[in-house]
Amino acid sequence: MFGDSVRAFGVVSFVFLISLAIAPAKNHFSEWRHYQHGYLKMIRNRSDAVTLQRHFQGGIQQIWLPELGVVDRCTSCHVGLKEASLNDVSMQPFRKHPAIPHQIDQFGCTVCHRGQGVATTVAEAHSSTLAWEQPILPAKYIESSCGECHRGPLPGAPQLNQGRHLLSSYGCVHCHTVKLPDGKILKATDNPPSLSHIADKTSREWIYAWLKDPQAYAATATMPNFKLSDDDARDMSGFLMANSTSLPGDAVTLSAKAASDPAAGASLYGESFCSSCHSVQNAAGNLVGGDVGPELTRVGSKVKPEWLQAWLRNPRVYHSETAMPHYRLSDPQVATLTGFLLAKSDSDLLANVHLEAATLEQIAHGKRLVSDYGCASCHEIAGIKKPENFAPELSRIGSKPVTQLIFLPGMQHTLPDYIATKIKQPRSFGQGLKMPQYTFTGPQIDSLATALLALNDRSFTLPPALTVAAKPESDYEPAGKAGKLMNDLACFSCHRINGHGGEMAPDLTWEGSSVQRQWLVEFLKNPNTLRPSLIRRMPRFNLTDADVNEITDYILTVYQSPTIDRDSLPLSGYPQGEVELGKQLFYGKYACQGCHIVDTKTDKGYIGPTLTKVGSRLTAAWIFQWMKNPQAVRPGTAEPNRAMSDEDARALTAFLISQKGGGKLEVAKK
Amino acid sequence: MISRSLIIVALLMAMVAASCSRKIASEPLLKPTAYGAAIIESSGGKQIAQTGSPTPQPLIVQVNDQQGNALAGALVEFSGASGVNFDPKNGLTDSSGQVTTNVTLGGMAGRYELTASTRDKAGKTVALKIEEIALGYQQTLGRQLNDQYCERCHNPESTVERVSNFDNLEIKPHPFTEGDTLNKLTDADLTAIINHGGPALNKSALMPAWGNTLSKADIQALVSYIRAISDPPSRDAGPVYAKN
Numbered sequence: 001m002f003g004d005s006v007r008a009f010g011v012v013s014f015v016f017l018i019s020l021a022i023a024p025a026k027n028h029f030s031e032w033r034h035y036q037h038g039y040l041k042m043i044r045n046r047s048d049a050v051t052l053q054r055h056f057q058g059g060i061q062q063i064w065l066p067e068l069g070v071v072d073r074c075t076s077c078h079v080g081l082k083e084a085s086l087n088d089v090s091m092q093p094f095r096k097h098p099a100i101p102h103q104i105d106q107f108g109c110t111v112c113h114r115g116q117g118v119a120t121t122v123a124e125a126h127s128s129t130l131a132w133e134q135p136i137l138p139a140k141y142i143e144s145s146c147g148e149c150h151r152g153p154l155p156g157a158p159q160l161n162q163g164r165h166l167l168s169s170y171g172c173v174h175c176h177t178v179k180l181p182d183g184k185i186l187k188a189t190d191n192p193p194s195l196s197h198i199a200d201k202t203s204r205e206w207i208y209a210w211l212k213d214p215q216a217y218a219a220t221a222t223m224p225n226f227k228l229s230d231d232d233a234r235d236m237s238g239f240l241m242a243n244s245t246s247l248p249g250d251a252v253t254l255s256a257k258a259a260s261d262p263a264a265g266a267s268l269y270g271e272s273f274c275s276s277c278h279s280v281q282n283a284a285g286n287l288v289g290g291d292v293g294p295e296l297t298r299v300g301s302k303v304k305p306e307w308l309q310a311w312l313r314n315p316r317v318y319h320s321e322t323a324m325p326h327y328r329l330s331d332p333q334v335a336t337l338t339g340f341l342l343a344k345s346d347s348d349l350l351a352n353v354h355l356e357a358a359t360l361e362q363i364a365h366g367k368r369l370v371s372d373y374g375c376a377s378c379h380e381i382a383g384i385k386k387p388e389n390f391a392p393e394l395s396r397i398g399s400k401p402v403t404q405l406i407f408l409p410g411m412q413h414t415l416p417d418y419i420a421t422k423i424k425q426p427r428s429f430g431q432g433l434k435m436p437q438y439t440f441t442g443p444q445i446d447s448l449a450t451a452l453l454a455l456n457d458r459s460f461t462l463p464p465a466l467t468v469a470a471k472p473e474s475d476y477e478p479a480g481k482a483g484k485l486m487n488d489l490a491c492f493s494c495h496r497i498n499g500h501g502g503e504m505a506p507d508l509t510w511e512g513s514s515v516q517r518q519w520l521v522e523f524l525k526n527p528n529t530l531r532p533s534l535i536r537r538m539p540r541f542n543l544t545d546a547d548v549n550e551i552t553d554y555i556l557t558v559y560q561s562p563t564i565d566r567d568s569l570p571l572s573g574y575p576q577g578e579v580e581l582g583k584q585l586f587y588g589k590y591a592c593q594g595c596h597i598v599d600t601k602t603d604k605g606y607i608g609p610t611l612t613k614v615g616s617r618l619t620a621a622w623i624f625q626w627m628k629n630p631q632a633v634r635p636g637t638a639e640p641n642r643a644m645s646d647e648d649a650r651a652l653t654a655f656l657i658s659q660k661g662g663g664k665l666e667v668a669k670k
Numbered sequence: 001m002i003s004r005s006l007i008i009v010a011l012l013m014a015m016v017a018a019s020c021s022r023k024i025a026s027e028p029l030l031k032p033t034a035y036g037a038a039i040i041e042s043s044g045g046k047q048i049a050q051t052g053s054p055t056p057q058p059l060i061v062q063v064n065d066q067q068g069n070a071l072a073g074a075l076v077e078f079s080g081a082s083g084v085n086f087d088p089k090n091g092l093t094d095s096s097g098q099v100t101t102n103v104t105l106g107g108m109a110g111r112y113e114l115t116a117s118t119r120d121k122a123g124k125t126v127a128l129k130i131e132e133i134a135l136g137y138q139q140t141l142g143r144q145l146n147d148q149y150c151e152r153c154h155n156p157e158s159t160v161e162r163v164s165n166f167d168n169l170e171i172k173p174h175p176f177t178e179g180d181t182l183n184k185l186t187d188a189d190l191t192a193i194i195n196h197g198g199p200a201l202n203k204s205a206l207m208p209a210w211g212n213t214l215s216k217a218d219i220q221a222l223v224s225y226i227r228a229i230s231d232p233p234s235r236d237a238g239p240v241y242a243k244n
């Protein structure tokens, strides 16, 4: 008995001693020590060993940044992050950090990569467990961390930029409120059409087919698929037709008859540069054209001929905010274009759609469905109010705790995976969910997830001094009669002025300092080609002389740069010697002919505008300032700043302003 | 008593050992019905993507038999450095002898060497190496600048949206993939040409000076992009990530 107790005492003491030794042993065998040994072994035989060894510091390393809430010990194992000479090492954790615009000492690691900065083991630092909510961010979403501080578009982070753009352009924010860290509400830019007068525009059969599968009508359609049953689509189409009221002016009788002259139609479609905004599938199945307006491949199966005529005549009657310009087409032109567009039809689209007249019950049921699915979140529908907070707010989605998420079987239990899967297949998360199926590509889903992950607690709690604010959006509108005209012509769909408008065509903010009056008048009447390589060009609007003068006067007086006095340099009368010097500089020192054409016989460059008649187009003052610093007068232009002396700039101005194009032939067409 | 405590200690150690070991999920292997002699790339090599992102096009490889005819039913397995993902990881060739997989590149910028392998009749592995390029922050910024300022002249290919100016230039610029020439220039040379224009290195004045338009960081980014996409690869582009 006694002997047993002694033995027991011995065993207990032994166990006690062992357990006392655990703490120092754990430290001795810790992962970071193992990696530091590995690092020293790796660098031992390198030619740069001495430098690397001098930089090496043993023990637990820590970056502490109280302002950012960063306590990062990652550099205990990732020892070579700052060693430029480790460029050839591919083994982790010893790789050099790739070049980024920030210093590791100033930002730490977890600000960008997330994970647990204070942890000192691989698993705890990288992976999520119940106690550690923030796993390492997969590399493909890394740009989301840029977005925590950088609130505007950021060069070098295309995925973040695209994701933010998609949130607006696909109308996600119609249903999901997104309050940005700077307090603004993210606005949609997709401008879905009103459905209050839909019966004027299209048939119930088309609405039915569209509701069932929008992409069957147009592969590029951004309208999502609500996976409606036949009956539901029948009732909703019935309601939308019954609810529609007719708009006076939605059907016009033309003096000319709808003509089916495909050749004339095609050439009018081309001349009007419809394809700058609208795309059409060609015979090979490729889309040709822009994406500002809807795809027109099957438009003949959609619209009513009377409506199309009225629309082509003046789209603002049906939709006052449309991006489509009011072309001022003549009746015969409208007839030709109508015939041409109606021929773009697909007999299969509506072949199997046979709908009986809708009953009152069906219409009532359709109305209920239209409210339930939140159609009015995006579309204006008479009699149905736009629902408030129709879908969950996404303002801080990037910090949603994993414990609050419901995952699908087989899914990785991480927030990025949840967001990406939710966008990819929203209905798979349960019965009765309303979020429709979008047709995003894989990269689009990744970029959306990136943008959403940037909306997290850190982005909201950062001290304002550490953030880089977005450029405030401009809601500039031109004033007066000319302003009305410019809106009617939808100038802002392509041109940007004072920060407002599209990016397809040149920024016109300083156009008043740039061009000569006579040229602008001629151009507005009959836009000719300045840049032969562009496929998107300024269309002709059949403007009256009075309208042209109105717009010209407005542009020349209002859009003047404060730094360029348009009358400060003469348009002619430069000494011949200066013109000759300019010519030498043009072809020699600055080799401008690489991108521009002055003499159509010898010059071939066509990146920049053709300059054969530049002396009749631009003001000398503008040319001079442009030579001095092109980016100062038009930010983002591809013309390099050559830091020219005043003498060179003046000589080039003299040479260019002498290019009046008098009598010379245009670029020969092939 | 001793034996009991020993058992407890042993059990504890076993538990610790068990919790430390990683579980390896095993995928059900496909059964090949044919064995090829060679494996070739159909498409999808030498693509450019951002780190951690899928390549724009899927990777398609083809298995041929000894006569060089496409072979259906052969098993192809894909592998790459850690961080590279294949969807699917393996597959049987279809009736045209091909297997298609979607590739996601790893988190580090650089070249990724991928392997597609199949077995021949003798059970020997026949492998094909394919390279893809992953762009990090700096190279991505460089690519953006390239698209904005350089590509119109330096890329001879025209697209619907962008007509190339290459053919119009009397002295032809070097496409950035032209490793044979560009790899001979040091970073300092490239930087000087971009900064001060072609004449800085006795080259054509058709290459203008960009030093007043682009920042130092921009030019660095451009150089790193040019290094990243050059073919044959530049030595400055860093390590090749491959399966060890």
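Heads up: the sequence lines are chains A and U, in that order. When you line the first sequence up against my numbering, it's residues 1 to 670, in that order. When you line the second sequence up against my numbering, it's residues 1 to 244, in that order. Heads up, the beta-carbon is just placed ideally off N, CA and C, and yes, glycines get one too.
What number of angstroms, rounded off, separates the C-alpha of Lys184 of chain U from the C-alpha of Gln148 of chain U?
Within the second sequence, numbered from 1, the residue matching residue 184 of chain U stands at position 184. Within the second sequence, numbered from 1, the residue matching residue 148 of chain U stands at position 148. Taking the straight line from one Cα to the other gives about 25 Å.
Is the beta carbon of Gly163 of chain A closer than 8 Å to that of Ser447 of chain A?
As a position in the first sequence, residue 447 of chain A is number 447, starting the count at 1. As a position in the first sequence, residue 163 of chain A is number 163, starting the count at 1. Contact flag set, yes.
Local conformation of Asp87 of chain U per DSSP, three classes
Taking the second sequence and counting its residues from 1, one reaches residue 87 of chain U at position 87. Strand, per DSSP.
Using CA atoms only, rank isn't needed, just tell me which of A:Thr403, A:Ile623, A:Thr421 is closest to Gly410 of chain A.
Translated into positions along the first sequence, residue 410 of chain A becomes position 410. Distances from the alpha-carbon of Gly410 of chain A to those of A:Thr403, A:Ile623, A:Thr421 put A:Thr421 closest.
Could you tell me whether the segment 492–509 of chain A touches the segment 168–188 of chain A, where touching means 3 or more Cβ pairs closer than 8 Å?
no
Determine whether the Cβ of Lys664 of chain A lies closer than 8 Å to any Cβ atom of chain U.
In the first sequence, the residue the question calls residue 664 of chain A occupies position 664. With a pLDDT of 43 at Lys664 of chain A, under the threshold of 50, the modelled position of that residue is not reliable, and the figure given next carries that caveat. Taking Cβ atoms only, chain U never reaches closer than 8 Å to Lys664 of chain A, which makes this a no.
Where does the unbroken alpha helix (DSSP H) through Pro168 of chain A begin, and where does it stop?
Taking the first residue of the first sequence as position 1, residue 168 of chain A is located at position 168. Reading off the sequence shown, one finds Ser at residue 168 of chain A, where the question assumed Pro. Where Ser168 of chain A is concerned, the enclosing alpha helix (DSSP H) stretches over 158–169.
For the segment 29–108 of chain U, list the alpha helix (DSSP H) runs that are entirely contained and at least 4 residues long, ordered along the chain.
None, since the segment 29–108 of chain U contains no complete alpha helix (DSSP H) of that length.
Pairing CB atoms from the segment 415–430 of chain A with CB atoms from the segment 442–462 of chain A, are three or more of them under 8 Å?
yes
Return the residues of the segment 29–42 of chain A that lie within a Cβ-Cβ distance of less than 9 Å from chain U, sorted by chain order.
Within the segment 29–42 of chain A, no residue qualifies.
Over what stretch of residues does the beta strand (DSSP E) that includes Leu65 of chain A continue unbroken?
Stepping through the first sequence from its first residue, residue 65 of chain A is reached at position 65. Where Leu65 of chain A is concerned, the enclosing beta strand (DSSP E) stretches over 63–65.
For Ile564 of chain A, which option in A:Leu342, A:Gly293, A:Asn629 has the closest C-alpha, if you only look at C-alpha atoms?
The residue you call residue 564 of chain A lines up with position 564 of the first sequence. Nearest option by C-alpha distance: A:Asn629.
Is the Cβ of Val667 of chain A closer than 8 Å to any Cβ of chain U?
In the first sequence, the residue the question calls residue 667 of chain A occupies position 667. Below a pLDDT of 50, predicted positions are generally treated as unreliable, and Val667 of chain A, at 37, falls in that range; the measurement from the model is reported next regardless. No - not a single Cβ of chain U is within 8 Å of the one on Val667 of chain A.
Would you mind telling me which residues of chain A sit closer than 9 Å to Gly136 of chain U, beta carbon to beta carbon, in chain order?
Locating residue 136 of chain U in the second sequence gives position 136, where the first residue counts as 1. Residues of chain A passing the Cβ test: Pro98, Ala99, Ile100.
Since Gly366 of chain A contacts Phe239 of chain A with CB under 8 Å, what's their CB separation in whole angstroms?
Within the first sequence, residue 366 of chain A is the residue found at index 366, counting from 1. Within the first sequence, residue 239 of chain A is the residue found at index 239, counting from 1. Sure, about 3 Å apart at Cβ, within 8 Å.
Taking buried to mean at least 16 other C-beta atoms within 10 Å of its own C-beta, is Glu368 of chain A buried or exposed?
In the first sequence, the residue the question calls residue 368 of chain A occupies position 368. Going by the sequence as given, residue 368 of chain A is Arg instead of Glu. With fewer than 16 other Cβ atoms within 10 Å, it is exposed.
So with Cβ pairs under 8 Å, would you call Pro232 of chain U a contact of chain A?
Taking the second sequence and counting its residues from 1, the one referred to as residue 232 of chain U is at position 232. No, Pro232 of chain U lies away from the interface with chain A (no Cβ there is under 8 Å from its Cβ).
Closest Cα partner of Leu222 of chain U within the set U:Ser158, U:Gly238, U:Ala242, U:Glu151:
Working through the second sequence from its first residue, we reach residue 222 of chain U at position 222. For the residues U:Ser158, U:Gly238, U:Ala242, U:Glu151, the minimum Cα distance to Leu222 of chain U belongs to U:Glu151.
From the DSSP output, read off the bridge partner residues of His176 of chain A.
Translated into the one-based positions of the first sequence, residue 176 of chain A becomes position 176. Beta-bridge analysis with DSSP links His176 of chain A to A:Ala391.
So, with DSSP's three-state summary, where would you put Ala127 of chain U?
As a working note, residue 127 of chain U is residue 127 in the second sequence. Three-state DSSP puts Ala127 of chain U in a strand.
At the level of alpha carbons, what is the spacing between Ile48 of chain U and Asp72 of chain A?
Here residue 48 of chain U refers to the residue found at position 48 when the second sequence is read from its first residue. Here residue 72 of chain A refers to the residue found at position 72 when the first sequence is read from its first residue. Their backbone Cα atoms lie some 33 Å apart in a straight line.
Looking at the structure shown, is Val79 of chain A part of a helix, part of a strand, or coil, going by DSSP?
In the first sequence, counting from the first residue as 1, residue 79 of chain A sits at position 79. In this structure, Val79 of chain A counts as coil in the three-state DSSP scheme.
At the 8 Å Cβ level, is Leu141 of chain U part of the contact set with chain A, yes or no?
For the purposes of this step, residue 141 of chain U is identified with residue 141 of the second sequence, where counting begins at 1. Closer than 8 Å: yes.
Pull out every residue of the segment 193–209 of chain U whose Cβ sits closer than 9 Å to any Cβ of chain A, in chain order.
Gly197, Gly198, Pro199, Ser204, Ala205, Leu206, Met207, Pro208, Ala209
Which two residues bound the contiguous beta strand (DSSP E) that contains Asp72 of chain A?
Counting from 1 along the first sequence, the entry for residue 72 of chain A is found at position 72. Segment 70–72, the beta strand (DSSP E) holding Asp72 of chain A.
Taking a contact to mean a Cβ-Cβ separation below 8 Å, would you say Met209 of chain A touches Val353 of chain A in this structure?
To locate residue 209 of chain A, count along the first sequence from 1; it is residue 209. To locate residue 353 of chain A, count along the first sequence from 1; it is residue 353. In the sequence on display, residue 209 of chain A carries Ala and not Met. Yes, they are a contact pair.
From this set, U:Gly45, U:Gln50, U:Asp231, U:Glu41, which residue's C-alpha is nearest Gln139 of chain U's C-alpha?
Counted from its first residue, the second sequence places residue 139 of chain U at position 139. The option with the nearest alpha carbon to Gln139 of chain U is U:Gln50.
Among A:Arg458, A:Ser658, A:Gly608, A:Thr544, which one has its Cα closest to the Cα of Ser144 of chain A?
Position 144 of the first sequence, counting from 1, holds the residue named residue 144 of chain A. Per the Cα distances, A:Arg458.
Quick check on His379 of chain A: does DSSP put it in helix, strand or coil?
Looking up residue 379 of chain A in the first sequence gives position 379. In the structure shown, the three-state DSSP call for His379 of chain A is coil.
Based on the DSSP output, what are the partners of His174 of chain U in its beta bridges?
The residue given as residue 174 of chain U occupies position 174 in the second sequence. His174 of chain U pairs with nothing; no bridge assigned.
Starting from Tyr112 of chain U, trace the beta strand (DSSP E) both ways and give me its first and last residue.
Residue numbering aside, residue 112 of chain U sits at position 112 when the second sequence is read from its first letter. Unbroken beta strand (DSSP E) run through Tyr112 of chain U: 110–119.
Alpha helix (DSSP H) runs contained entirely in the segment 569–639 of chain A, provided each spans 4 or more residues
576–587, 614–617, 620–628, 630–633
Taking the continuous beta strand (DSSP E) assigned at Leu287 of chain A, which residues delimit it?
Taking the first residue of the first sequence as 1, we reach residue 287 of chain A at position 287. Per DSSP, Leu287 of chain A belongs to the beta strand (DSSP E) from 287–289.
Quick check on this structure: which residue in U:Gly45, U:Asp65, U:Leu59 has the alpha carbon closest to the alpha carbon of Ala34 of chain U?
Reading the second sequence from its first residue, position 34 is the one you call residue 34 of chain U. Of the listed residues, the one whose Cα sits closest to Ala34 of chain U is U:Asp65.
Any beta-carbon of chain A closer than 8 Å to the one on Ser21 of chain U?
As a position in the second sequence, residue 21 of chain U is number 21, starting the count at 1. Residue placement at Ser21 of chain U cannot be trusted, given a pLDDT of 47 that sits under 50; what the coordinates show is reported in the next sentence. By this cut-off, Ser21 of chain U is not an interface position.
Are the C-beta of Pro24 of chain A and some C-beta of chain U separated by less than 8 Å?
On the first sequence, position 24 is the one that residue 24 of chain A refers to. Not an interface residue.
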